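Below: one structure, written as C-alpha cells.
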Amino acid sequence: MIATTLSRIEGELGELRIAGSPVEELAGRTTLEELAARLWGRPPQELGEWRARAWHRLRHVLPLARGLAPVDGVRLAVSALPEGPPEAFTAAVAVATAGLLGGERPDPALGHTADFLRMARGAVGTPAEVAALETYLVTVAEHGLNASTFAARVIASTRAGTGAAVAGALGALKGPLHGGAPGPVLDMLDEIGRPDRASEWIADRLRSGERLMGFGHRIYRVRDPRVAVLRAALEGLRRERRDLEARLALADAVEAAALQALARHRPDRRLDTNVEFATALLLEALGFPRESFTAVFAVGRVVGWCGHVLEQERDGRLIRPA
Ligand code: ACO
Numbered sequence: 000m001i002a003t004t005l006s007r008i009e010g011e012l013g014e015l016r017i018a019g020s021p022v023e024e025l026a027g028r029t030t031l032e033e034l035a036a037r038l039w040g041r042p043p044q045e046l047g048e049w050r051a052r053a054w055h056r057l058r059h060v061l062p063l064a065r066g067l068a069p070v071d072g073v074r075l076a077v078s079a080l081p082e083g084p085p086e087a088f089t090a091a092v093a094v095a096t097a098g099l100l101g102g103e104r105p106d107p108a109l110g111h112t113a114d115f116l117r118m119a120r121g122a123v124g125t126p127a128e129v130a131a132l133e134t135y136l137v138t139v140a141e142h143g144l145n146a147s148t149f150a151a152r153v154i155a156s157t158r159a160g161t162g163a164a165v166a167g168a169l170g171a172l173k174g175p176l177h178g179g180a181p182g183p184v185l186d187m188l189d190e191i192g193r194p195d196r197a198s199e200w201i202a203d204r205l206r207s208g209e210r211l212m213g214f215g216h217r218i219y220r221v222r223d224p225r226v227a228v229l230r231a232a233l234e235g236l237r238r239e240r241r242d243l244e245a246r247l248a249l250a251d252a253v254e255a256a257a258l259q260a261l262a263r264h265r266p267d268r269r270l271d272t273n274v275e276f277a278t279a280l281l282l283e284a285l286g287f288p289r290e291s292f293t294a295v296f297a298v299g300r301v302v303g304w305c306g307h308v309l310e311q312e313r314d315g316r317l318i319r320p321a
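Numbering that gives the first Met the number 0 puts the sequence shown at residues 0 to 321.
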C-alpha cells in the first residue's frame, strides 16, 4: 500500500488540496519556495546558490543535449549530477530547462521563478508574467500519486536517492498521456485555425479513434480544478497583452466544441478539460516554445517529486507489487 499526505484529490468533486490548502488559495499567494517548505517539512536552503552551482556544472553537460527533446536534455543533466538534497535537483531542473532555451547565468538574489524566467528568455519578466508563471509552477508542483510521482517513489523506495528518482520521474513525465500533452494541444489549435472549424475537426478526430489532447483525466470526473486557476492567471496577462485575444477566443471555441463532442462520443464517461489545456495557453503566452512545455512542467513538479522522495524514505518500504 502506498499513500501520501502531501496532497488530496477529490475526483468526483473536482477538488485539490496541496499541503493542506485548496489549490485556489495557494495560487497567486504562495511562491514555489514557500510551497516547497510545506512539502519538504523545512524551508529550502540557499536555492539561488544551488542554481549557481548547477549552472557551473551543467554548462559542460548541456551541449551534449543538443538535438534531444528539452525534457530529455533535462534528464541527461540531472543524471550528470552527484547525489544531493532536494535543492540541488530543484535548481538543476530550472537551470537545465533555461539553459536549453537561452542559458543566461543565474542570479541567486532573485526568486526562483523570476530567475528561471529571466534565464530562459534572457530578459527579466514583467510582474504580471512572473506572477502567472509562479501560479503555474505552484499549481502543478504536486498532484498525488500520478505516473511520474509514482515512478519517483518506486525508485526512492530502493534507496537509490533523489537524483535517480527525479531522473526516472522525468522519463515518465515525457509521455503524451501525462506531461507531454500541452505541446500537442497547441498543434490542435493551429490545425483548427478558426473557431468555426472546431466542431468538424474534432468530430473527424474522434471518428478516427484519436484522443483529444487536454481532455480527460484518470481521477477527475469533473473539470480539473487547476484549469480555472490557470485561466485566472491568464486573465492577469490578458490585461496587458491585447495580442492574446484571438488565441484565447479560438481556445474557448475549441474547448466548448470538444466538451460537446466528447459528451456525445462517450455518454457513459464524463471527459472534461484537464490542466494541460490551460497550461498550453499560459506557457505559450509567456513565450516558451511548445517543445519545452514538458520541461517547464518539471520545473514545478520537481518540488513535489522531492517531497515524495522524503516521504518515501521516511515512511515507506520497498515498493514491490505482486
Ligand atoms: N479524447 C477522446 N477519448 C478519450 C479521451 C480524450 N481526451 N480521454 C479518454 N478517452 C476515452 C478513452 O479512449 C477510453 O475509451 P476506451 O475505454 O474505449 O478505451 C475512455 O475514454 C477511458 O477514459 P478514462 O478511464 O477516463 O481515461 P484514462 O484514465 O484511461 O486516461 C488520460 C486518462 C490518459 C488523461 C486520457 O484522458 C487521455 O489520454 N487524455 C488525453 C491526453 C492528455 O490530455 N493528457 C494529460 C493528462 S493531465 C496530466 O497528466 C498532467
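Each residue gets a CB set at the ideal place from its N, CA and C atoms; glycine is no exception.
All values reported here derive from a predicted model rather than from experimental measurement.
Taking C-beta to C-beta, are ALA146 and LEU172 nearer than 9 angstroms? Going by C-beta atoms, ALA146 is nearer than 9 angstroms to LEU172.
Continuous alpha helix (DSSP H) stretch holding SER6: start and end: Careful: SER6 lies outside any alpha helix (DSSP H), inside the beta strand (DSSP E) at 6–9.
Out of ALA232, ASP271, PHE287, which has the shortest C-alpha to C-alpha gap to GLU24? ALA232
Starting from LEU15, follow the beta strand (DSSP E) in both directions and report where the run begins and ends. Segment 14–17, the beta strand (DSSP E) holding LEU15.
Taking the Cβ atom as the reference point for each residue, do ALA90 and LEU75 lie within a distance shorter than 9 angstroms? No, the pair does not count as a contact, with Cβ atoms beyond the cut-off.
Could I get the ranges of all uninterrupted beta strand (DSSP E) runs contained in the region 223–294, with 3 residues as the minimum, in chain order? none
State the beta-bridge partners of PRO346 as determined by DSSP. The first residue shown for the chain is 0 and the last is 321, placing residue 346 beyond what the model contains.
Residues near LEU317 in its chain [Cβ-Cβ closer than 6 angstroms; skip 5 each side]: SER156
According to the Cβ coordinates, are LEU136 and LEU31 closer than 9 angstroms? yes
Should THR138 and GLY213 be called a contact, given that it needs their Cβ atoms to be closer than 9 angstroms? Not in contact: THR138 and GLY213 (Cβ atoms no closer than 9 angstroms).
First and last residue of the uninterrupted alpha helix (DSSP H) at ILE154: Per DSSP, ILE154 belongs to the alpha helix (DSSP H) from 146–156.
Alpha carbon of SER207 to alpha carbon of ALA297, nearest angstrom: 32 angstroms
Measuring CB to CB, does ALA86 end up less than 9 angstroms from PRO43? Reading off the sequence, residue 86 comes out as Glu, not Ala. A contact, by the Cβ cut-off of 9 angstroms.
Excluding the five sequence neighbours on either side, which residues of its own chain have a C-beta within less than 6 angstroms of the C-beta of GLY299, listed in chain order? LEU136, VAL139, ALA140
Selected residue, minimal CA-CA separation from THR96, among ARG120, ALA108, PRO69: The shortest Cα separation from THR96 among ARG120, ALA108, PRO69 belongs to PRO69.
Start and end residues, alpha helix (DSSP H) containing PHE115: 111–120
Just how far apart, CA to CA, sit ARG152 and GLU312? 9 angstroms
Bridge partners of PHE214, per DSSP? Answer by DSSP bridge pairing, in chain order: THR272.
Are the beta-carbon atoms of VAL274 and VAL221 separated by less than 9 angstroms? no
What is the rounded straight-line gap between the Cα of GLY124 and the Cα of LEU285? 9 angstroms
Please report the distance separating the alpha-carbon of VAL295 from that of ALA119. Straight across, the Cα-Cα distance linking VAL295 with ALA119 is about 10 angstroms.
Which residue from ALA35, SER291, TRP54, VAL77 puts its Cα closest to that of LEU309? ALA35
CB contact flag (LEU61, GLY306, <9 angstroms): no
Beta-carbon contacts of PHE115 that lie in its chain and below 7 angstroms, excluding the five residues immediately before and after: These residues qualify, in order along the chain: ALA93, ALA97, VAL298.
Distance CB(ASP186)-CB(ARG41) smaller than 9 angstroms: no
Using only alpha-carbon positions, find the residue among ARG265, ALA163, TYR219 that is nearest to ALA7. One detail in the question is off: residue 7 reads as Arg in this sequence, not Ala. Closest by alpha carbon: TYR219.
Considering Cα atoms alone, identify which of SER20, ARG319, GLU9, PHE292 is closest to PRO183. Ranking SER20, ARG319, GLU9, PHE292 by Cα distance to PRO183 puts PHE292 first.
Between GLY215 and the rest of its own chain, which residues show a CB-CB distance below 6 angstroms, the 5 nearest in sequence each way excluded? Cβ neighbours of GLY215 within its own chain (closer than 6 angstroms, five residues either side excluded): LEU270.
Count the other C-beta atoms from every protein chain shown that fall within 10 angstroms of the C-beta of ALA180, then say buried if there are 16 or more, exposed otherwise. When all chains shown are included, ALA180 counts as buried.
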